Ligand code: GAL
């Protein structure tokens, strides 16, 4: 198993490197990641490449039999480059150019930056192509993160026009698609089309969606160019990867398409980060791992794992004793094949002084180092359990067009796309059933039998191909869980006119939609006993069943006639329509019902206690800060317990 740390030897006096490596070795490190912000060290003045510093580092690591993942350094460019070509720096939506000083500052569409980035990448990769110790190249660092998916400079505006021209051919087609007759916004020429920078009220939703697609395309083109350079010049034994970050749905960046250019997907795994007072929920943490695994539908590498509090200006939550250890083993059990901690030692200078590493500024062995050592030992001892392949019968489906369309118009201020998906994910997670998180397009390229249950919330943009595929999935025995606002829009982000084909498929008519803002909820009553009450949030569809059966109704005056949850059978399967975002209890019962109907094994455990079935072995993970008991077992805070079946039993 690939186990190690992110190491920045250039932050420290050269005399410390040998001792660092010796300590790493003792800790069980077999791989380090280096280099991803060190462009200036490799090209101190334009065109003068110098890799001697890293030659030395590579030799020392190699002598210790430590493998290397080398990061290409384009996430931070040298100051001389910014001085010579100031246009490479991205511009905010307010038309203000960022200042040199942070990171991820470049515009993806500036030719001179693309060329310079390719040139340093080519020189670096060529220099080390025969180096056996270097097992992989990480391209750049966290592309799109920290708002770096956006740039509103003049070049981006021109390239956007080209993008629209290629897409629509003629300006009339764009006018038609966007419905620019509204507010008299009809364009005579592509050059008149604005970028969605601040305006009074709103931009056209079609424009907003095309802008997100354009940003994603800009990122893709930039990365595809760099990856091609690496592939042309790297050694055959060297793999190519990228490290993605936690806020994957928050950016104008289709990571599924992006992932296609890589051999591996890397993930920077921070269940809590700067400024947060508490970690995200266990379901949310696990959903992120399922998402990473879903991108290429195979295992991924955690190339940055948290081992201490993080923060730039504000320092976030400090992981409790054994909590970061628990998160690490948990990630390995959920499909990561590698685990590298960020970072060997926190840096005393620079913007990340407060991003803790394993070692602190006092450089002494500490509890964090003990946890790292324990993690590596347990990972090695339990490698066969941890790497047992995951086969999920349930998939949670998303779609980037939909994500971006919700971003432009959330419709309810209580809506957060990722949180909502995590809410649905949680229902199955609590039953300890594996769930793949995948794009609906990727699922549709598979066969109907790949999954028994598809969970597909708030898919407001649909097309006929999707609808037909889902119908056949259900007829063939699949269960689909969908719901409010589904199927109301087309690919141009406009409301569909006429009867809603999606609702017809679900055997219902939707007579209206009420948005429930933050803090608002609607009561719901169970049809079975006409007694049990619960609530829904975010919004509600007013459902009139046509051929579907109602399971829940709304409970407040004026709304009692409308169903809140329905089920419609088709062939061998069924489609459930959830009119609102139901409380957890209802979601848990629904998950239990559909898992049971499909004969999928499940085991509900107390909140925070996870039971991961890997073949015959079980990995118990206690996410709680308290002792947690279940059946005849008790688990201490943050305990991870491996239960393997003895072959002789
Ligand atoms: C990651 C990033 C690292 C470092 C770390 C701090 O997102 O890739 O370079 O900034 O966060 O927590």
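In our numbering, the protein residues as written are 241 to 889.
Yeah, the Cβ is synthetic: ideal placement off N, Cα and C, and Gly gets one too.
These numbers come from a predicted model, not from an experiment.
*Identity of the residue in 279, 688, 852 and 584 nearest residue 613 by Cα*: Within the chain shown, numbered from 1, the residue matching residue 613 stands at position 373. Among 279, 688, 852 and 584, the Cα nearest to that of residue 613 belongs to 584.
*Would you check if there are 3 or more beta carbon pairs closer than 8 angstroms linking the segment 370 to 387 to the segment 308 to 324?*
Yes: the two stretches touch, three or more of their Cβ pairs being nearer than 8 angstroms.
*asked:* Quick check: does the Cβ of residue 967 come within less than 7 angstroms of any heavy atom belonging to the ligand GAL?
replied: As shown, the chain starts at 241 and ends at 889. That puts residue 967 outside it, with no answer to give.
*Name the residue from 518, 547 and 609 whose alpha carbon lies nearest to the alpha carbon of residue 267.*
Numbered from 1 along the chain shown, position 27 holds the residue referred to as residue 267. Of the candidates 518, 547 and 609, the one whose C-alpha sits nearest the C-alpha of residue 267 is 609.
*Reduced DSSP secondary structure (H/G/I, E/B, other) of residue 795*: Taking the chain shown and counting its residues from 1, the one referred to as residue 795 is at position 555. Residue state for residue 795 is assigned as coil, using DSSP reduced to three classes.
*Around the Cβ of residue 735, are there at least 16 other Cβ atoms within 10 angstroms (buried) or fewer (exposed)?*
Taking the first residue of the chain shown as 1, we reach residue 735 at position 495. Burial is judged here by how many other beta carbons sit within 10 angstroms of a residue's own beta carbon; residue 735 has fewer than 16 and is exposed.
*Per DSSP, which one or two residues make a beta bridge with residue 576?*
In the chain shown, residue 576 corresponds to position 336, counting from 1. DSSP lists 540 as the beta-bridge partner residues of residue 576.
*Hey, how far is the Cα of residue 382 from the Cα of residue 354?*
Residue mapping note: residue 382 aligns to position 142 of the chain shown, counting from 1. Residue mapping note: residue 354 aligns to position 114 of the chain shown, counting from 1. Between residue 382 and residue 354, the C-alpha separation is close to 17 angstroms.
*Closer than 6 angstroms by C-beta to residue 668: which residues in its own chain qualify, once you throw out the five before and the five after it? Chain order, please.*
Taking the first residue of the chain shown as position 1, residue 668 is located at position 428. Once the five neighbours on either side are set aside, the close Cβ partners of residue 668 are 634, 675 and 831.
*So, helix, strand or coil for residue 484, using DSSP?*
The residue labelled residue 484 in the question sits at position 244 within the chain shown. Shown here, residue 484 sits in a strand according to DSSP, grouped into three states.
*Using only alpha-carbon positions, find the residue among 755, 409, 539 and 446 that is nearest to residue 421.*
Working through the chain shown from its first residue, we reach residue 421 at position 181. With respect to the C-alpha of residue 421, the residue from 755, 409, 539 and 446 having the closest C-alpha is 446.
*Count the other CB atoms, across all protein chains shown, that sit within 10 Å of the CB of residue 247; report buried if there are 16 or more and exposed otherwise.*
Within the chain shown, the letter at position 7 stands for residue 247. Its Cβ being crowded by 16 or more others within 10 Å, residue 247 is buried.
_8 angstroms contact criterion, which residue 566 and residue 878 should meet: CB distance rounded_ = As a first step, residue 566 must be located in the chain shown, where it is residue number 326. As a first step, residue 878 must be located in the chain shown, where it is residue number 638. The C-beta separation of residue 566 from residue 878 comes to about 4 angstroms, placing the pair in contact by the 8 angstroms criterion.
*Return yes when the C-beta of residue 250 is under 7 angstroms from any heavy atom of the ligand GAL, and no when it is not.*
Counted from its first residue, the chain shown places residue 250 at position 10. No; taking the cut-off as 7 angstroms, the Cβ of residue 250 has no heavy atom of the ligand GAL nearer than that.
_Environment of residue 699 [buried if 16+ CB atoms lie within 10 Å]_ = Taking the chain shown and counting its residues from 1, the one referred to as residue 699 is at position 459. Classification of residue 699: buried, given that the 10 Å Cβ count is 16 or more.
_Quick check on the burial criterion: 16 or more other C-beta atoms within 10 angstroms. Buried or exposed for residue 758?_
As a first step, residue 758 is located in the chain shown; it is residue number 518 there, counting from the start. That one is exposed.
_Range covered by the beta strand (DSSP E) that runs through residue 870_ = Taking the first residue of the chain shown as position 1, residue 870 is located at position 630. Start and end: 868 to 870.
*Got a sec: does the ligand GAL put a non-hydrogen atom nearer than 7 angstroms to the Cβ of residue 377?*
Indexing the chain shown from 1 puts residue 377 at position 137. It does not: the Cβ of residue 377 is nowhere closer than 7 angstroms to a heavy atom of the ligand GAL.
*Note down the Cα distance separating residue 591 from residue 323, rounded to an integer number of angstroms.*
One-based indexing of the chain shown puts residue 591 at position 351. One-based indexing of the chain shown puts residue 323 at position 83. Near 21 angstroms, if we compare the C-alpha coordinates of residue 323 and residue 591.
*Decide if the segment 526 to 534 is in contact with the segment 567 to 580; the criterion is three or more beta carbon pairs, one per stretch, under 8 angstroms apart.*
Between the segment 526 to 534 and the segment 567 to 580, the count of C-beta pairs closer than 8 angstroms reaches three or more; the two stretches touch.
*So, is residue 385 buried or exposed, given that buried needs 16 or more other C-beta atoms within 10 angstroms?*
As a first step, residue 385 must be located in the chain shown, where it is residue number 145. When all chains shown are included, residue 385 counts as buried.
*Which one of 659, 291, 842 and 362 has the shortest CA to CA distance from residue 472?*
Walking along the chain shown from the start, residue 472 turns up at place 232. Shortest Cα-Cα distance from residue 472 to any of 659, 291, 842 and 362 involves 362.
_Is residue 850 a contact residue of the ligand ADP, with contact defined as CB to any heavy atom under 7 angstroms?_
As for the ligand ADP, it is missing from this structure, which binds only the ligand GAL.
*Closer than 8 angstroms, CB to CB, is residue 525 near chain C or not?*
Among the chains in the structure shown there is no chain C, since it carries only a single protein chain.
*Between residue 485 and residue 414, what straight-line distance do the alpha-carbon atoms span, to the nearest angstrom?*
For the purposes of this step, residue 485 is identified with residue 245 of the chain shown, where counting begins at 1. For the purposes of this step, residue 414 is identified with residue 174 of the chain shown, where counting begins at 1. Answer to the nearest angstrom: the Cα atoms are 34 angstroms apart.
*asked:* I need the boundaries of the alpha helix (DSSP H) containing residue 319, first residue and last residue.
replied: Position 79 of the chain shown holds residue 319. Here the alpha helix (DSSP H) through residue 319 covers 319 to 324.
*Nearest CA to the CA of residue 399: which residue from 389, 296 and 348?*
As a working note, residue 399 is residue 159 in the chain shown. Looking at the Cα atoms, 348 is the closest of the given residues.
*Please state whether DSSP places residue 445 in a helix, a strand or coil.*
The residue given as residue 445 occupies position 205 in the chain shown. Per DSSP, reduced to three states, the secondary structure at residue 445 is helical.
_residue 887 to residue 856 span [Cα, whole Å]_ = Along the chain shown, one-based indexing puts residue 887 at 647. Along the chain shown, one-based indexing puts residue 856 at 616. Here the model assigns residue 887 a pLDDT of 49, short of 50, so the residue's position is not dependable, and the following value carries that caveat. Using only the alpha carbons, I get a separation of about 10 angstroms.
*Tell me the start and end of each unbroken alpha helix (DSSP H) in the segment 404 to 466 that is at least 4 residues and wholly inside, in chain order.*
Here the runs fully enclosed are 411 to 418.
_Buried or exposed (CB count within 10 angstroms, at least 16 for buried), residue 438_ = As a first step, residue 438 is located in the chain shown; it is residue number 198 there, counting from the start. Residue environment analysis places residue 438 among the exposed positions, since fewer than 16 neighbouring C-beta atoms fall within 10 angstroms of its C-beta.
*asked:* Taking the beta carbon of residue 256 as the centre, do at least 16 other beta carbons fall within 10 Å, making it buried, or is it exposed?
replied: Reading the chain shown from its first residue, position 16 is the one you call residue 256. That one is exposed.
_Beta-carbon proximity of residue 556 to residue 516, cut-off 8 angstroms_ = For the purposes of this step, residue 556 is identified with residue 316 of the chain shown, where counting begins at 1. For the purposes of this step, residue 516 is identified with residue 276 of the chain shown, where counting begins at 1. The beta carbons of residue 556 and residue 516 sit closer together than 8 angstroms.
*To which residues does DSSP link residue 729 through a beta bridge?*
The sequence position of residue 729 within the chain shown is 489, counting from 1. BP columns for residue 729 point to 701 and 735.
*Where DSSP assigns a beta bridge to residue 882, which residues make up the other side?*
Counting from one through the chain shown, the residue named residue 882 turns up at place 642. According to DSSP, residue 882 bridges with 859.
*Under 8 angstroms, do residue 365 and residue 269 count as touching if we go by C-beta distance?*
Sequence index remark: in the chain shown, residue 365 carries index 125 (1-based). Sequence index remark: in the chain shown, residue 269 carries index 29 (1-based). No, the Cβ-Cβ distance between residue 365 and residue 269 is not below 8 angstroms.
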